[in-house]
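The structure appears right after this line, and notes come after that.
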Amino acid sequence: MTENLLLKPSRPVGIIGYGAYVPRYRIPATEIARVWKGGGAVPIKEKSVPGLDEDVATMSIEAARNAIARAGIHAHQLRAVWVGSESHPYAVKPTSTIVAEAIGVVPHIQAGDWEFACKAGTEAMVAAMGLVGSEMADYALAIGMDTAQGKPGDALEYTAAAGGAAFVIGPAEKSLAVIEATYSYVTDTPDFWRRAYQKYPEHGSRFTGEPAYFEHVSKATETLMGELGTTPDDYDYAIFHQPNAKFPTRAAKMLGFKQEQWEPGLLAPVIGNTYSGAAIIGLTATLDIAKPGDRILMTSFGSGAGADCMSILVTDELLNRRDKALKTQDYIARRKEIDYATYARMRGKITMK
Amino acid sequence: MEIPRHWRLKKQRYGLIGEVCPHCDSKIFPPRDICPDCGKEAKDEFAFSGAGEVYSYTTIYNAPSGFEHTIPYTVALVQLEEGPLITAQLTDVDEEHVSIGMPVEMVTRKLREDGDERGMLVYGYKFRPKLVVAA
Ligand SMILES: [Zn+2]
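If you're matching them up, the sequences are chains V and G in order. My numbering puts the first residue of the first sequence at 2, with every later residue one more than the last. My numbering puts the first residue of the second sequence at 974, with every later residue one more than the last.
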């Protein structure tokens, strides 16, 4: 193949502001194992659980407010509000309009909800790069947020969590981190799905690992680095989609990354799998501690299946904006442990009628 | 069904948007277009910071219709830092940890469903204990 496969906008773009959100409640994996008599090792320590009054709209609003606070722009300068999720509160009615109204962006905007299992958030980021990179707009807001549900007793119940992040994308010269390039690797792979009107998803058991997650994550990452001419040594940090603790760690090792590169962005052990939020909240946690000049690689993964890889270069501006909103670890430190009964009530697993 | 009312109130409910009096600089919430302090016309929009403290509070165990899913919950009179005293639910807090003078901040949350699970979702402001920066 001779053509260059990277996506690079004609006007360079970057992250102007970023914000994270994680709800307050945590259920330990051992508590889920206690109820379902799950034997053996648990996949994570604990996962985050949204409060009764939280959903993807409210969580996106808070992450967006954090991102705008760091960006230092007026909300009305945004020309798009795009929310990626697989747990939008309505089946029909955009989450993005609720978020846009709450942060004061309406009415001169594009708004829409994105879906691609766990990579809907990075898909929205790539679209925002296109909007800004084509000079159709100066600023766009891309969000990835989920309140994931697992079938009671299913393996996914141990990890399906809530959280995510928001990014103001804008011109590179005003950014706290430049997005050097992005590349996506996509095929039709039936590893995980949820049919219409079904509450819980299904997974294609043996399909979830090799042909889905590892194939797409490694192809996206290797192709991006190959086309950019970079190697793992050129990156200070690397973040991979994290459905559990094991997958991203194994992917990182396979690709030649070291523990100190992936550790700051590996949050699944303490908050679980936040689906559309999983890779990008690893990015916000990493930006919270990165230095100017650091280079960050991030690869998301969405079942169905595809992976988006980005190469990101931190600028001097990060230090001026980082403290203007709560950090990812501030939300992780806010923690109230709940038992399975409380969790079942909070997640609507108890039928009242 | 109160869809027109929810739609009309969304701006003040989602983002705590009130008014400021151009004559005496009083901050007004909820917006009422007349300054309660000087009685003159006051229609200039003002976005409150969302910071305030608990002035008084009570916990609800027998909720009015539409709110029974979230009992028990605490309702407070919150003194906003710009002056107005407003009534709102507290969230992300356990009742035993609420106290008068406690610093709180505004968050936008789901208030209730309009009617049943087929109705629209109503969002609006609540207050939570001011989140601290982790050490
Ligand atoms: Zn007045």
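Ideal Cβ placement from N, Cα and C applies to all residues, glycine included.
Counting along the chain, the unbroken alpha helix (DSSP H) around S97 of chain V starts and ends at 96 to 103. Residue-level contact check: Q199 of chain V does not touch chain G, since none of the beta carbons of chain G fall below 8 angstroms from its beta carbon.
Note on geometry: alpha-carbon atoms of I110 of chain V and A81 of chain V lie some 5 angstroms from one another. Contact between A118 of chain V and F193 of chain V holds, with the beta-carbon distance rounding to 6 angstroms and staying under 8 angstroms. Y236 of chain V sits buried, since 16 or more C-beta atoms from the chains shown fall within 10 Å of its C-beta. Using a 10 angstroms sphere on the CB of W263 of chain V, the tally of other CB atoms reaches 16 or more, which defines it as buried. Within the same chain, Cβ atoms closer than 6 angstroms to the Cβ of P191 of chain V are found at G205, the five residues on either side in sequence being excluded. Less than 8 angstroms separates the beta-carbon of F258 of chain V from that of P233 of chain V. Out of G:K1016, G:P1102, G:G1097, the CA that lies nearest to the CA of I1073 of chain G is found in G:P1102. In the same chain as E181 of chain V, and ignoring 5 residues on each side of it, the C-beta atoms closer than 6 angstroms to its own belong to S312, L314, in chain order. Judged by DSSP secondary structure, L1058 of chain G falls within the beta strand (DSSP E) whose first and last residues are 1058 to 1062. Every beta strand (DSSP E) of 3 residues or more that sits fully in the segment 264 to 320 of chain V is shown, in chain order, as 296 to 303, 307 to 315. The closest CA to that of Q243 of chain V, considering only V:L225, V:L229, V:V218, is found on V:V218. Within chain V, the C-beta atoms nearer than 7 angstroms to that of H1042 of chain G come from L53, in chain order. By the C-beta criterion, the segment 273 to 280 of chain V is judged to be in contact with the segment 84 to 96 of chain V, since at least 3 inter-stretch pairs fall below 8 angstroms. Considering only G:Y1096, G:V1077, G:R1005, the residue with the shortest C-alpha distance to S1022 of chain G is G:V1077. Placement of the Cβ of D1010 of chain G at a distance of less than 7 angstroms from at least one heavy atom of ligand 1 is found. Proximity of T1031 of chain G to chain V, defined by a Cβ-Cβ separation below 8 angstroms, is not satisfied. At a threshold of 7 angstroms, K1083 of chain G does not count as near ligand 1, since its beta carbon sits no closer than that to any of the ligand's heavy atoms.
About 5 angstroms separates the Cβ atoms of K1099 of chain G and Q1062 of chain G, confirming a contact at the 8 angstroms cut-off. Remark: the C-beta of K1013 of chain G is in contact range of ligand 1, defined as less than 7 angstroms to any heavy atom.
A112 of chain V and A129 of chain V do not touch by the CB rule: their CB atoms are close to 12 angstroms apart, not below 8 angstroms.
Taken in chain order, the whole beta strand (DSSP E) runs of length 3 or more contained in the segment 161 to 239 of chain V are 163 to 172, 178 to 187. Distances from the alpha-carbon of A92 of chain V to those of G:F1040, G:M1093, G:G1088 put G:M1093 closest. By the C-beta criterion, the segment 43 to 63 of chain V is judged not to be in contact with the segment 315 to 325 of chain V, since fewer than 3 inter-stretch pairs fall below 8 angstroms. Pairing I1044 of chain G with T1032 of chain G, the inter-Cα distance amounts to about 9 angstroms. For the 8 angstroms CB-CB criterion, D56 of chain V and K1083 of chain G form a contact.
Two segments are said to touch when three or more pairs of C-beta atoms, one from each, lie closer than 8 angstroms; by this definition the segment 64 to 79 of chain V does not touch the segment 31 to 44 of chain V. In the structure shown, E1041 of chain G falls within a helical segment according to DSSP collapsed to helix, strand and coil. Distances taken from the Cβ of C119 of chain V to the heavy atoms of ligand 1 include none shorter than 7 angstroms.
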